[in-house]
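Taken in order, these protein sequences are the chains called A and F.
Letter 285 of the first sequence, counting from 1, is numbered 285 in the working numbering, and no numbers are missing.
Letter 344 of the second sequence, counting from 1, is numbered 1344 in the working numbering, and no numbers are missing.
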Amino acid sequence: MSKNAPVSAFHRLRRRYGNTMIVALALIIMAILVNMTPLKEQTWLRVLFGVSALNFTLRATVPLVLGALSGILCERSGIINIGIEGMMLAGAFAGFVAKTSTNHWSLAASLIFSVAAAVAVGGLMGAVHALFSIRFRMDQIISGTVIIILALGTTSYLYNRDAIAEGKFSSIPIPGLAQIPVLGPVLFDNPPITYLALIMVAVVHLGLFYTRWGLRTRAVGEHPRAADTVGINVNRYRYINTSLGGMLAGLAGAFLVLEAVGQFQEGMTAGRGFISLAAMIFGNWNPIGALGAATLFGYTQALQNELLLAGVTQVPRQFISMLPYVVTIVAVSGLVGRVRPPAAEGKVYETEGSA
Amino acid sequence: MATATSTAGLTRTLRALLIPSLALLAALLAGAVVMILSGDDPMAAYSGLFKGAFGDGKGWARTIRKTIPFVLTGLSVALAFKVSLFNIGASGQFVMGSVFAVAVGINFEGLPFYIHLPLALLAGIAGGLLWGAIPGILKVYTGAHEVIVTIMLNYVASLFGGWTVYAGGTQGQTPGPLWDRTAGAISETPDVLHSAQIPWLFGPPYRVHYGVFLALAAAILVWWLIFKTPLGFEMRTVGHNMRAARYAGIRVNFTIILTMALAGGLAGLAGAIETLGLNHKFAPEFGGAVGFDGITVALLGQTHPIGVLLAAFMFGALDGGAATMQFESGVPADIIQIIQALVLAFVAAPLIIRMIFRLRQQEDQDAGSAVSTSWGGT
């Protein structure tokens, strides 16, 4: 059989990024179709693919994709990170505290400072996770759980209900691009962390696959002994990557507090860290794939939102709200043998001869 | 793990107690540092805590009452650990157990209590069993990692529980099937019928029910299952080395599903006991947290049923004394959550404890079974 070029390109896309890209692509095509043609007169199609649904999808996707990138950085270097949820929450709380204590500054300065605080605290949590897993050889899944419980407890203990954050990030339309129909208002009229998240996807992708740092990170995650043999400091790479991953999770927290909600709520991450993990797995530990998966999960959250707003009463609202969680389970279950985590993931690395 | 001579057994027991006790001590000390840093008085807090947990009969009753669910969720997580499975889903299983138990408990008027109560308890176990079996089945047949599945199922269970007692919406949404029609806008079930309530051991104001003995029995049963039955041997073998177990002809898939189901059943029983013994109804705010704490209890108890009993008692005391502590010293009760997280950190990383207390490293033992088998699954 002769090789058919489009089919092989399709297969390559699928192999590299998983099925998520195809789903995401289908979503975009549907959206353009629905919004540009008379199909938009159909209420249910508007609920499913209208500009409002797409806007919400992107908003829901941002924390998920940042969380997934966080997971990718850690796991590509061999550290399992199920503590993303906790790092996100800690970042969100730090951002909130920084914002409330700088309310009297100019809005922009105060917000930027708060983002920095969120990222720093997220990074700190990442460093703690690395310390637990590497220095203290704690089981990495347990260590992640410690991070989550610690973040939940500490943020509730320190949370002052009277504190109010004044102001949050507002949209910055990109001149020219924002005028494109459908795509413009969805992609090019967003607050800054949303842009930043999309940029980070590209940065992590390029970094991981086209730089020396990325090659070494992957080597450390796949075959630490070989990496060590050629002179790479395995644990240093793990410390750095896990801390960077923590910073990305902190940025996701900053998004929740400083861009989406504007305030802190106890336990406000509501499982997003775990859905990020599923997005990471579903996206085959690849940033672009993770973006596709996060979009899919974000879309289910948007759908949930749109259905509730549309006043759907035939199905109880609680069942509609289950959608993102059920889709996540279905997604991670539909992957028999199709994904492959980094080989050395979850294992403590010790140099030969050390105790 | 296997039986040994009695002296060797004794030193082993003492050694097993060492790390958890020191971890608890270290966590209390670290909690004191946190309190000092945020301007609270740790001495007042801890004396309030002790008084609240053991100060009088009511304190003891509170501690015991809080211990019961910790025992069962701790056993749930510990049992799964024995097979190298991480059950973060105890809180969802707890909710399902509560919902199933209450569904039986508020219906079937006229049944004698010796049929109604066991039926309601069994329904609770069944609810948890079902919710635990799902991640087991998915793990075996699709490779989905149980950590993600159990967490997602926690959210689903909590929404499902919310729906069953939903009071209905202003836009004409239908109320849930278990909602109490006399409750107005409040989302909760009616009271469990008397014939399905677990009787008081000490009635109000102590409110300790016979569920205590159910929890104790469950601990003994789990101990017997793990260490004294062929099935338990298979479980431990799968937990130790899955590949070797497979070569030895052990039904690995069956063991995984069964273990997750039993773990779910234990957490479901916890929910049923809380519902039938203490709350006497179900509302969305009941349940949840004890499931997550089950992880810490299991690890603090070194995943041994007897250890879990002790650890659950410690946690029961911490929770039982928390309110009095806040009342007497003004320190927010949330500090208990921080202390519990620190306990988990210290007990899961014996190296930290060895460093703090300058203990020598032992060759053979280290706490906790490895669960980081990566996302690849079996």
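Even glycine gets a Cβ: it sits at the ideal position worked out from N, Cα and C.
A straight-line Cα-Cα distance of about 56 Å links A:R46 and F:P1112. For F:W1060, the enclosing alpha helix (DSSP H) starts and ends at G1057 to K1082.
Judged by DSSP in its simplified three-state form, A:I281 adopts helix.
Judged by DSSP in its simplified three-state form, A:D189 adopts strand. The beta-bridge partner set that DSSP reports for F:H1304 is empty. Ranking A:V315, A:Q263, A:L256 and A:T43 by CA distance to the CA of A:G67 puts A:L256 first. Interface flag for A:I232 against chain F is unset, since no Cβ pair is found closer than 7 Å.
A Cβ-Cβ distance of about 5 Å is found for the pair F:I1068 and F:G1211, placing them in contact under the 8 Å criterion. Excluding residues up to 5 positions away in sequence, L111, P191, P192, I193, L258 and E259 lie with their Cβ nearer than 8 Å to the Cβ of A:F169 in the same chain. Inclusion of A:V348 and A:R137 in the CB contact set at 7 Å is warranted, their separation being smaller than that value. Taking 7 Å as the threshold, the shortest C-beta distance from F:P1332 to chain A falls below it. Counting C-beta atoms within 10 angstroms of its own C-beta, A:Q301 has 16 or more neighbours from the protein chains shown and is therefore classed as buried.
Taking F:K1082 as reference, the option from F:T1237, F:L1022, F:L1216 and F:F1282 with the minimal CA-CA separation is F:T1237.
Residues G1321 of the same chain have their beta carbon placed closer than 7 Å to that of F:F1050, with the five preceding and five following residues left out of the count. Between A:A249 and the set A:L58, A:T57, A:N81 and A:V261, the nearest pair of CA atoms involves A:N81. A:R272 counts as buried, since at least 16 other C-beta atoms from the protein chains shown sit within 10 angstroms of its C-beta.
Residue range W1200 to F1202 is occupied by the beta strand (DSSP E) that includes F:W1200. In the three-state scheme derived from DSSP, where H, G and I count as helix and E and B as strand, A:I82 is classed as coil. C-alpha of F:L1130 to C-alpha of F:G1136: approximately 10 Å in a straight line.
Per DSSP, the unbroken alpha helix (DSSP H) holding A:V234 starts and ends at V234 to A254. Across the set A:P342, A:G346 and A:R317, the C-alpha of A:R317 shows the shortest separation from the C-alpha of F:V1156. For A:P173, the pairing in a beta bridge is given by DSSP as A:D189. Of the other Cβ atoms in all chains shown, fewer than 16 fall within 10 Å of the Cβ of F:K1228; this residue is therefore exposed.
Contact between the stretch 1289-1309 of chain F and the stretch 1062-1076 of chain F is present, with at least three C-beta pairs closer than 8 Å.
Per DSSP, the beta bridge partners of F:V1208 are F:F1202. Contact with chain A is found for F:Y1155, since one of that chain's Cβ atoms lies less than 7 Å from the residue's Cβ. Just so you know, the alpha carbons of F:L1300 and A:G334 end up roughly 35 Å apart. A:I180 sits in coil when the DSSP states are folded into three classes, being neither helix nor strand.
Taking a 10 Å sphere around the C-beta of F:T1182, we find fewer than 16 other C-beta atoms and assign the residue as exposed. Contacts with chain A (Cβ-Cβ distance below 8 Å) from the stretch 1342-1355 of chain F involve L1342, L1344, A1345, A1348, A1349, L1351 and I1352, listed in chain order. Taking 7 Å as the cut-off, the Cβ atoms of A:G91 and A:G262 do not count as close.
Per DSSP, reduced to three states, the secondary structure at F:I1352 is helical. Between the beta-carbon of A:G78 and that of A:P224 there is about 6 Å, and that keeps the pair under the 8 Å contact cut.
By the neighbour-count criterion, in which 16 or more other beta carbons inside 10 Å mark a residue as buried, F:L1178 falls on the buried side. Against chain F, a Cβ distance below 9 Å from A:I193 picks out nothing, because the smallest value is about 25 Å.
For A:D228, the enclosing alpha helix (DSSP H) begins and ends at P224 to T229.
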